[in-house]
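Engineer: Questions regarding the structure given below will be posed in turn.
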Amino acid sequence: MDALVELEQTLRTKQGGLTPPEVSILLSCRSKAVNSFTTGACVASAFVWASR
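For the sequence shown, the residue numbers in my numbering are 2 to 53.
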């Protein structure tokens with residue numbers, strides 16, 4: 002996730018800013034990363050809960 006934040010900051014500070022397609026791609030990648038993290042956290046929590 003840190004890599005996505007760093008990439009976004011780098012792209013936003015470049016001369017000319019971000020184009021609408023670039024913004025769309027960044028938002029899509031960020032959304033997928035958050036969804037993957039949330040799913041992984043829920044599965045891990047369920048596994049720990051079930052193993053008690």
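For each residue, glycine too, the CB sits at the ideal point set by N, CA and C.
#1: Tell me where the alpha helix (DSSP H) around Gln-10 begins and ends.
#2: Less than 8 Å between the CB atoms is what I'm expecting for Leu-5 and Arg-31, so what's the real figure, rounded?
#3: Using a Cβ-Cβ cutoff of less than 6 Å, which residues in the same chain neighbour Gly-18 once the five nearest sequence positions on both sides are dropped?
#4: What residue does the alpha helix (DSSP H) around Thr-20 start on, and which one ends it?
#5: Report all residues from its chain with a CB closer than 6 Å to the CB of Met-2; omit the five preceding and five following residues, and keep chain order.
Structural biologist: This is what the structure gives:
#1: Numbered from 1 along the sequence shown, position 9 holds the residue referred to as residue 10. Segment 3-14, the alpha helix (DSSP H) holding Gln-10.
#2: As a working mapping, residue 5 is identified with position 4 in the sequence shown. As a working mapping, residue 31 is identified with position 30 in the sequence shown. Correct: roughly 6 Å between the Cβ atoms.
#3: Stepping through the sequence shown from its first residue, residue 18 is reached at position 17. Nothing meets the Cβ criterion.
#4: As a first step, residue 20 is located in the sequence shown; it is residue number 19 there, counting from the start. Run containing Thr-20: none; DSSP gives neither H nor E here.
#5: Your numbering for residue 2 matches position 1 in the sequence shown. Closer than 6 Å at the Cβ level, and outside the excluded window around Met-2, lie Ala-34.
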